[in-house]
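**Q** Protein chains in written order, with my numbering: chain W, 1 to 311; chain G, 1001 to 1311; chain L, 2001 to 2311; chain R, 3001 to 3311.
Think of the CB as a built atom: it goes at the ideal place given N, C-alpha and C, for glycine as much as any other residue.
4 protein chains.
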Amino acid sequence: MASTDRAEKDRVEVLSGIFNGFTTGAPVCMLVRNEDVDDSDYERMRYLLRPGHADYTSQVKFGDFNDWRGGGRFSGRITAAFVMAGAVAAKLLSFIDIEVVAHTVEIGGIKALPVDVTEIDEKAGKDPLQCADSEASGRMAELIAETRKDGDSLGGVIECIALNVPPGLGEPIFDNLDGDIARALLAIPAVKGVEFGAGFAVARMKGSENNDPFTVQQGKVITTTNNSGGVLGGISNGMPLVVRVAVKPTPSISREQSTVNIQKMENARLAIGGRHDACIVPRAVVAVEAMVAVTLCDFARRAGLIPGVLQ
Amino acid sequence: MASTDRAEKDRVEVLSGIFNGFTTGAPVCMLVRNEDVDDSDYERMRYLLRPGHADYTSQVKFGDFNDWRGGGRFSGRITAAFVMAGAVAAKLLSFIDIEVVAHTVEIGGIKALPVDVTEIDEKAGKDPLQCADSEASGRMAELIAETRKDGDSLGGVIECIALNVPPGLGEPIFDNLDGDIARALLAIPAVKGVEFGAGFAVARMKGSENNDPFTVQQGKVITTTNNSGGVLGGISNGMPLVVRVAVKPTPSISREQSTVNIQKMENARLAIGGRHDACIVPRAVVAVEAMVAVTLCDFARRAGLIPGVLQ
Amino acid sequence: MASTDRAEKDRVEVLSGIFNGFTTGAPVCMLVRNEDVDDSDYERMRYLLRPGHADYTSQVKFGDFNDWRGGGRFSGRITAAFVMAGAVAAKLLSFIDIEVVAHTVEIGGIKALPVDVTEIDEKAGKDPLQCADSEASGRMAELIAETRKDGDSLGGVIECIALNVPPGLGEPIFDNLDGDIARALLAIPAVKGVEFGAGFAVARMKGSENNDPFTVQQGKVITTTNNSGGVLGGISNGMPLVVRVAVKPTPSISREQSTVNIQKMENARLAIGGRHDACIVPRAVVAVEAMVAVTLCDFARRAGLIPGVLQ
Amino acid sequence: MASTDRAEKDRVEVLSGIFNGFTTGAPVCMLVRNEDVDDSDYERMRYLLRPGHADYTSQVKFGDFNDWRGGGRFSGRITAAFVMAGAVAAKLLSFIDIEVVAHTVEIGGIKALPVDVTEIDEKAGKDPLQCADSEASGRMAELIAETRKDGDSLGGVIECIALNVPPGLGEPIFDNLDGDIARALLAIPAVKGVEFGAGFAVARMKGSENNDPFTVQQGKVITTTNNSGGVLGGISNGMPLVVRVAVKPTPSISREQSTVNIQKMENARLAIGGRHDACIVPRAVVAVEAMVAVTLCDFARRAGLIPGVLQ
């Protein structure tokens, strides 16, 4: 994958739950060691709060015991764990033909043109920015290169689509399908918003435009549009599940920023060195896919669609 | 409150948990009976799926046992329960000075001008559309009136702000503050998107714009902007919590719509009679406030800020 | 039922979740109002801690806000709610032929003789003490009458058996079948111990006696004894589930007892007036049955044995 | 520790959550690899169900995917994980002076004499059977030796006492202190019963004997006896928490037993080779201690007694 400049060789070790190539029913525990920790790098900045990072909030929450080494739970590296879980979930979902695919649809204001849903996986899969519109991807790449030279960074939007989701998944009020998916997606660092189907655009639509008309097709009830994004009343309706997340620009930028030295409690200036992705959107695509897969898998299990013992 | 044409007299009965005017520590159970059920109204449309409603998904999920009477869990009326819980939560939050206020910021494409956060409660509170910008509210009201005449409906955006949230609330990864709030808000019927701080606008911002610089003010660390919306790494940072939700146009419209008669499994036409709000945004404001209050209250309890026995 | 001297007319009101005689999939909320509250009775004793009751612990936990009116959550009356839930659970379990039956096996040291499991329901059902051994029941009744005259009370043991539990229910470590059942049973006021199969007697058995030998019977694996009580490794093994609980003597006795006036923080004497059951064991039988049914129902649901939509 | 004949060298690796010698607030993940797995040993018996073990139930539950290698989740080895968690819990409880100590009180029908609670830790700590009564321990050891020669095994009873538990821990009905402790203890393989305070003996006591009289001592409310075992109404009352568990005789015995070959579905004979503890009671003592500590720690955290950031 060409989407990051940082080379991090991750080796997964399966500690439990798999025997003779199959899951056993015991919890599957997978381990990726974070080998790439250079404490000295972080130690230098220990008391300088990096704007846009969780340095301050974790310092407040955990006080003197805070693990200030940058890596860990508040880093994008945590998504390695999400992706491991997502791989298992995707495998389980494949038993009931659910397919989850995510792709970059916007970076730095450049929007990808819509692509037929059946082509996303293939097109985005080979694009360096995980974008199914190669022309837009080219312009995004240029903008990222420029922005990196400026010592700055860019945000974007990722869309995730789940196909063949059976109708009926989701438990009203306390475990809505959309609510649980949003919660999982907001656990990905840098995600600042989640929307389903027409999403925030509904604010500018009329009921007659937004309501998806029902029709019968080959003996099944479908909707002729999908503004709902496949969720009505917190329950899947059998149409493709469509969810988008807003990803903020990488907070680590080399430009000098105003901040606070929390040890001295005084204002300070900070320039973050090292190599940082000028845009983490492409790297986050697989994490978005994973979180949607994991959540759908939970609901499919609950509905008894993925039995305990698979034949 | 002038925000609905439907007169529904709701009387709350407290069944448990309150004694001599104080909560006892037992669960507080409150009951509002749904008196306004006219079965005949719904019976006529029993097999006609209302587009944009949960008629189809609940039919699939619960089959022949589905309660098709329209009211109930998939109706906006469910938010009466949210508001009851929100009232208790707001009371508990007041012990630690947290104040939660929501207001209408957009209806049918008309946006309210920003208002100082300290004035929202008062201004929106007396506005018929719960909008703090009275001029915009006037235009929204006209548009709603026109749209109603057209037999159509409008969506919008509600913003909710929580003041005096202490830094440190939120449990990384599995119980992020923003994730749990989003999940609660998506339980409100008609909400299709949730965003924090700059929200989806981050997709068009650079890191240098979006990062909130830290500074020391009166011995406290604050940020000079609040693009994060008060949450960093899933944990509150002490700045105002800012969250916005997209509310879809009321699905019940009097215009004729295409749909399916699920008994006959054939296409049909449907015009929904009765009085329906042409815009439910103003009615949803209090539900948004309630859900944010309930979630914050849970986190404040977990952090030990609201002790079991209050003095 | 002759098992209590106190006449408490309980009327159940179903508030939600049932429509046309069937559950709808929505939460079933049932309400029994506690009509028999005589505050004056309790007010007199407000500051006198009743030994063996939760007066002191609830006072410490809830302080000035404690609901000291005796009824409520720490009273045996709470089991009315358990029994309502148990009725729904029993109905659901009947779809997969699971039958749960409890009976009194010991009161005041008098033990009932073992009865064939198929006869328990009928025999215990018509016995005033819910005991399947009518001879022992007679002696128990006499002892209860004597003890009542003495102003004292008696404890006992209740056994619960669930038939036709399919093998495979229970999730190792975190949701063991026996662990979850024990937890539910200890929520019944006055229960001080829970044991499965041979229970505490295993402490005096050898492995060769306690191990249940497996054998094949009509193509199925069964055990020829049932010291395990139907649970091995936290998972049901298809044999009858057998669990027993120890029920303490009613703490409300008319004999004078030593206690503390918590307002004055000085020692005091207390004699509890009113009519109290000299032995609550027979009344608790139905609560034990309910708690086992509710827990089994949860596991059966989780295993997909009771589908969401029942045909 | 002399309590087992099996030498299993366990090395704990801390994978996360500890930095500079302190917990960071992140989950503490500790790993002990099960090095002592000899597959061939188990493979020979793969289809022969060991009586008293979870071989059959796990086979039913996980089918062809069952991990039949004996070690793992249904083995006593799982308690290594409980003990690791217990070590962290004990450390946290020490901040509020709660001390948890368990000891062997009965093996094979031989009962230890009561010992003053303050002496248990020291006396049981140096006893090879974790029994505070050295005379009884001697007789237990002889009986174990004899039983081992006979190819058989013994069960027993372990008592656990928690000192300085503050009154007020426990949430009525759904999270009773005793219910949650029982649930945790039943996760220890071989535990078949749990009782608090007087436990099953309450069945033979009168109310006047069993009720613990309250009295004032040094300005505090205490009880002069402790039949409740420190729990009233599911809430701690400030007296020592006393819980006992029944531990069944080791199911692995060298004597030949009747069983089933599940592959051929026919009756078979089985003699389990290898070295097995003739009595696992002494080994389980530390697991009992751990489970009680972990559960108390959860409740203390919930009550805000162990703050997130410890000074």
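Return helix, strand or coil for E2013(L), following the three-state DSSP convention.
**A** Residue state, collapsed to three classes: strand.
**Q** Given a limit of 7 Å on CB to CB distance, which residues of the segment 232 to 263 of chain W reach chain R?
**A** Against chain R - using a Cβ distance shorter than 7 Å - the segment 232 to 263 of chain W contributes no residues.
**Q** Between E1078(G) and I173(W), how many whole angstroms is the CB-CB distance? I'm expecting something under 8 Å.
**A** Note on residue identity: the sequence assigns Ile, not Glu, to residue 1078(G). Going by Cβ atoms, the distance from I1078(G) to I173(W) rounds to 7 Å, so yes, they are a contact pair.
**Q** Using 8 Å as the cut-off, can you tell me whether the segment 1177 to 1193 of chain G makes contact with the segment 2017 to 2024 of chain L, which would need three or more C-beta pairs spanning the two stretches below that distance?
**A** No: the two stretches stay apart, fewer than three of their Cβ pairs being nearer than 8 Å.
**Q** If we count the other Cβ atoms within 10 Å of its Cβ and call it buried at 16 or more, is G230(W) buried or exposed?
**A** It counts as buried.
**Q** Check each residue of the segment 1185 to 1198 of chain G: if its Cβ is closer than 9 Å to any Cβ of chain W, include it; give the result in chain order.
**A** So the close ones are L1185, L1186, A1187, P1189, A1190, V1191, K1192, G1193, V1194, E1195, F1196, G1197, A1198.
**Q** Taking 7 Å as the CB-CB cut-off, is L1310(G) touching chain R?
**A** Because the pLDDT of L1310(G) is 41, which lies under 50, any placement of that residue in the model is unreliable, and the number read from its coordinates should be weighed accordingly. No, no contact with chain R.
**Q** Since T314(W) meets chain G, which of its residues come closer than 9 Å, beta carbon to beta carbon?
**A** Lying outside 1 to 311, the shown extent of chain W, residue 314(W) is not represented and no answer is given.
**Q** Just to check my reading of the structure: K123(W) and V117(W) have Cβ atoms closer than 8 Å, yes? What is that Cβ distance to the nearest angstrom?
**A** Contact flag wrong, Cβ pair sits at about 11 Å.
**Q** Cβ closer than 7 Å: which chain L residues qualify as neighbours of V3216(R)?
**A** Near V3216(R) (Cβ distances below 7 Å), the residues of chain L are V2260, M2265, E2266, N2267.
**Q** State the start and end residues of the unbroken beta strand (DSSP E) segment that holds N261(W).
**A** It spans 257 to 261 - the beta strand (DSSP E) in which N261(W) sits, taken as one unbroken run.
**Q** How close, in whole Å, do the beta carbons of I107(W) and I144(W) come, if the pair is a contact with beta carbons under 8 Å?
**A** With 8 Å as the limit, I107(W) and I144(W) qualify as a contact, their Cβ atoms being about 7 Å apart.
**Q** Roughly how many angstroms lie between the CA atoms of R3033(R) and A162(W), to the nearest whole one?
**A** In a straight line, the C-alpha of R3033(R) is about 38 Å away from that of A162(W).
**Q** With a threshold of 7 Å on Cβ separation, who are the neighbours of L177(W) within its own chain once the five nearest residues in sequence on each side are excluded?
**A** Answer for L177(W): L169, G170, V231, G234, I235, S236, F299, listed in chain order.
**Q** Which same chain residues end up closer than 8 Å to A1184(G) when comparing Cβ atoms and leaving out the 5 residues on each side of it in sequence?
**A** Only M1291, V1292, V1294, T1295 meet the Cβ criterion.
**Q** Just checking, does the segment 3145 to 3158 of chain R make contact with the segment 3096 to 3112 of chain R on the three C-beta pairs under 8 Å criterion?
**A** Cβ pair count under 8 Å is three or more, so yes.
**Q** Would P2251(L) and G2052(L) qualify as a contact pair, given that the criterion is a beta-carbon distance under 7 Å?
**A** Contact: yes.
**Q** Pick out whichever of G2207(L), K2206(L), T2224(L) has its Cα sitting closest to the Cα of P2213(L).
**A** Of the listed residues, the one whose Cα sits closest to P2213(L) is T2224(L).
**Q** Determine, using beta carbons only, whether G179(W) comes closer than 7 Å to chain G.
**A** Chain G contact via Cβ: present.
**Q** Just list the beta strand (DSSP E) runs in the segment 3064 to 3111 of chain R, keeping only unbroken ones of 3 residues or longer that don't cross its boundaries, in chain order.
**A** Listed in chain order, they are 3099 to 3107.
**Q** CB A3278(R) to CB R3148(R), shorter than 7 Å?
**A** In this structure, R3148(R) lies closer than 7 Å to A3278(R) by Cβ.
**Q** Do N66(W) and S58(W) have their C-beta atoms within less than 7 Å of each other?
**A** Yes. Within cutoff.
**Q** Counting only beta-carbon atoms, is A2026(L) nearer than 7 Å to chain G?
**A** True, the Cβ-Cβ gap to chain G drops below 7 Å.
**Q** For I1096(G), collect the residues of the same chain with a Cβ closer than 8 Å to its Cβ; drop the 5 residues on either side in sequence, then sort them by chain order.
**A** Cβ within range, chain order: N1164, P1166, A1300, L1305, I1306.
**Q** Quick one: grab the DSSP three-state call for A2(W).
**A** Its pLDDT being 37, under 50, A2(W) is placed unreliably in this model, and the coordinates cannot settle the point.
**Q** Using a Cβ-based criterion (distance less than 6 Å to any ligand heavy atom), does E3209(R) qualify as near the ligand FMN?
**A** This structure lacks the ligand FMN; in fact it carries no ligand of any kind.
**Q** Report yes if the CB atom of G3151(R) is closer than 7 Å to the CB atom of I3280(R), and no otherwise.
**A** Not a contact, by the Cβ cut-off of 7 Å.
**Q** Quick check on DSSP: helix, strand or coil for E1035(G)?
**A** Reduced to three states, the DSSP call for E1035(G) is coil.
**Q** Indicate whether at least one CB of chain G lies closer than 7 Å to the CB of I2077(L).
**A** Note on residue identity: the sequence assigns Arg, not Ile, to residue 2077(L). No, R2077(L) lies away from the interface with chain G (no Cβ there is under 7 Å from its Cβ).
**Q** Assign P1027(G) to one of two classes, buried (16 or more other C-beta atoms within 10 Å of its C-beta) or exposed (fewer than that).
**A** It counts as exposed.
**Q** Taking the C-alpha atoms as reference points, what is the distance between V2012(L) and D3133(R)?
**A** Approximately 55 Å between the Cα atoms of the pair.
**Q** For N1267(G), which beta-bridge partners are listed by DSSP?
**A** N1267(G) pairs with V1260(G).
**Q** If you draw a straight line from the alpha carbon of N3210(R) to that of V3101(R), how long is it in whole angstroms?
**A** Distance between the alpha carbons of N3210(R) and V3101(R) is about 24 Å.
**Q** Out of G2025(L), V2014(L), R2302(L), P2282(L), which has the shortest C-alpha to C-alpha gap to E2160(L)?
**A** The sequence shown places Cys at residue 2160(L), rather than the Glu named in the question. Here the closest residue by C-alpha is P2282(L).
**Q** Buried or exposed, going by whether 16 or more other CB atoms sit within 10 Å of the CB of E289(W)?
**A** Buried, because 16 or more other Cβ atoms sit within 10 Å of the Cβ of E289(W).
**Q** Cα-Cα, which of V245(W), D64(W), G199(W) is closest to R46(W)?
**A** Ranking V245(W), D64(W), G199(W) by Cα distance to R46(W) puts D64(W) first.
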